[in-house]
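Q:
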Amino acid sequence: MTLRAVVKGVGHYLPERVVPNSEFEATLATSDEWIRTRSGIERRHFAAEGETTSDMAHKAAVKALEHAGLSVDDIDAIILATSTPDLTFPSVATMVQGKLGMNHGFAFDVQAVCAGFVFALTTANAMILSGQAQRILVIGAETFSRIMDWSDRSTCVLFGDGAGALVLAAEEGTGKVSDRGVLSSDLNSDGRYREMLYVDGGVSTTGESGKLRMQGNQLFRQAVEKLASTAETALAKIGLSGQDVDWIVPHQANLRIIAATAARMDVPMERVVVTLQDHGNTSAASIPLALSVGHQRGQIKTGDLLVVEAIGGGLAWGSAVLRW
1 MTLRAVVKGV
11 GHYLPERVVP
21 NSEFEATLAT
31 SDEWIRTRSG
41 IERRHFAAEG
51 ETTSDMAHKA
61 AVKALEHAGL
71 SVDDIDAIIL
81 ATSTPDLTFP
91 SVATMVQGKL
101 GMNHGFAFDV
111 QAVCAGFVFA
121 LTTANAMILS
131 GQAQRILVIG
141 AETFSRIMDW
151 SDRSTCVLFG
161 DGAGALVLAA
171 EEGTGKVSDR
181 GVLSSDLNSD
191 GRYREMLYVD
201 GGVSTTGESG
211 KLRMQGNQLF
221 RQAVEKLAST
231 AETALAKIGL
241 SGQDVDWIVP
251 HQANLRIIAA
261 TAARMDVPME
271 RVVVTLQDHG
281 NTSAASIPLA
291 LSVGHQRGQI
301 KTGDLLVVEA
311 IGGGLAWGSA
321 VLRW
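Here is the structure:
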């Protein structure tokens, strides 16, 4: 018998406020055309005043549970990826646990910036395979609008807020790549690249949350090479290649990065789930958001082979292969 961690349900939440590119034209030397051309982004959602990361994560989690046909009593753990927590502590995951009325099990956060959901998914998979838990809520949620420098047109137009969640559950498999569930993963990090993407504040330095800083051109070059490499590594672990993939579900940061990565993997864009035009870069929320939207659109179907891959500050990057 081979144990697999299988996706049982998926859901997402986006704040009500939609911010089109044109809204930035009043305060920045930018335009809708400039933003679309360089990123592929057309609009994004911003959290309302008082709306927190845990609020959005909770709403996404409820939808994922409903889709799975499960209640909170069926869940053993919550693993939540975020870089924009409500508070320094406690974790957002425990806040979601409280909002759900879940008085059992355990919950904790994972912080790997935009790669956070891949790290959380891989952690949840390992816990299920080890017998630590049977069913885990895996969530990515961010309020990046709270750490933007609104005078920096190179960053503030790129990011948005939102949350996505999925339920992973233990199931018996055959040990073959035809099994449903997480089939392989690959995680990486390299602290030498810290300056490419970081926030210039924190508890033990400035005592304030700080603002996001990014070296876009350098990060672009690193992203394409590292994303293609990690996806190919995860596929090679189970004897597959890009030709076997039904869908790439990438971190939604930049359309040019997504297209270049798909080309490196020899996967046509028709087999790539793209949502960033509507959401912007939602960091750790972007992959679960894209999974939920892709499923909702009817793109992702039971039995499809998916590759999820992401890169974020650290630098941290990774991928996972799963059959839906």
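In this note's numbering, the protein residues as written are 1 to 324.
We put the CB at the ideal spot given by N, CA and C, even for glycine.
#1: Specify the secondary structure class of Ala-120 as computed by DSSP and reduced to three states.
#2: Run through the stretch 211-246 for me and flag every whole beta strand (DSSP E) of 3 or more residues, listed as ranges in chain order.
#3: Could you check whether Ala-223 and Val-249 sit closer than 8 Å to each other, using their CB atoms as the reference points?
#4: So what does DSSP say about Asn-254, is it helix, strand or coil?
#5: Enumerated in chain order, which unbroken segments of the beta strand (DSSP E) with a length of 3 residues or greater are wholly contained in the stretch 269-315?
#6: Given this structure, state the Cα-to-Cα distance separating Gly-116 from Arg-297, to the nearest angstrom.
#7: Just reading off the alpha helix (DSSP H) that Ile-139 is part of, what are its end residues?
#8: Going by the CB atoms, is the gap between Ser-283 and Gly-318 shorter than 8 Å?
#9: Within 10 angstroms of the Cβ of Arg-221, are there 16 or more other Cβ atoms? Answer buried if so, exposed if not.
#10: Identify the residues that DSSP records as bridge partners of Asp-109: which are they?
#11: Roughly how far, in whole angstroms, is the beta-carbon of Val-307 from the beta-carbon of Ala-262, given that I think they are within contact range, below 8 Å?
#12: Quick one: give me the first and last residue of the beta strand (DSSP E) that Leu-345 is part of.
#13: Under a Cβ-count criterion, where at least 16 other Cβ atoms within 10 Å of its own Cβ denotes burial, should Ser-31 be classed as buried or exposed?
#14: Going by beta carbon distance, what residues of the same chain come within less than 6 Å of Asp-76, once the five residues before and after it are set aside?
#15: Taking just the CA atoms, how far does Ala-26 sit from Gly-69?
#16: Return the residue from the list Gly-181, Arg-323, Arg-213 and Val-182 that minimises the CA-CA distance to Tyr-193.
#17: Would you say Thr-88 and Val-203 are within 8 Å of each other, going by their C-beta atoms?
A: Inspection of the coordinates gives the following:
#1: Here Ala-120 sits in helix by DSSP.
#2: Whole beta strand (DSSP E) segments, 3+ residues: 212-214.
#3: Taking 8 Å as the Cβ cut-off, Val-249 and Ala-223 do not qualify as a contacting pair.
#4: Looking at Asn-254 - three-state DSSP - the assignment turns out to be coil, as it is neither helix nor strand.
#5: As far as the stretch 269-315 is concerned, its whole beta strand (DSSP E) runs of at least 3 residues are 305-312.
#6: Taking the straight line from one Cα to the other gives about 24 Å.
#7: Looking at the DSSP string, Ile-139 is not in any alpha helix (DSSP H); the run it does join, the beta strand (DSSP E), is 135-143.
#8: A distance of 8 Å or more separates the beta carbons of Gly-318 and Ser-283.
#9: Exposed, since its Cβ has fewer than 16 Cβ neighbours within 10 Å.
#10: Asp-109 is bridged to Leu-80.
#11: Not quite, the Cβ-Cβ distance comes to about 10 Å (not below 8 Å), so this is no contact.
#12: Only positions 1 to 324 of the chain appear in the structure, and residue 345 is not among them; the question remains open.
#13: Counting C-beta atoms within 10 angstroms of its own C-beta, Ser-31 has fewer than 16 neighbours from the protein chains shown and is therefore classed as exposed.
#14: Excluding residues within five positions, the ones whose Cβ falls inside 6 Å are Gly-105, Ala-133, Gln-134 and Arg-135.
#15: Going by the C-alpha atoms only, they are around 46 Å apart.
#16: Of the listed residues, the one whose Cα sits closest to Tyr-193 is Arg-213.
#17: In this structure, Thr-88 places its C-beta atom within 8 Å of the C-beta atom of Val-203.
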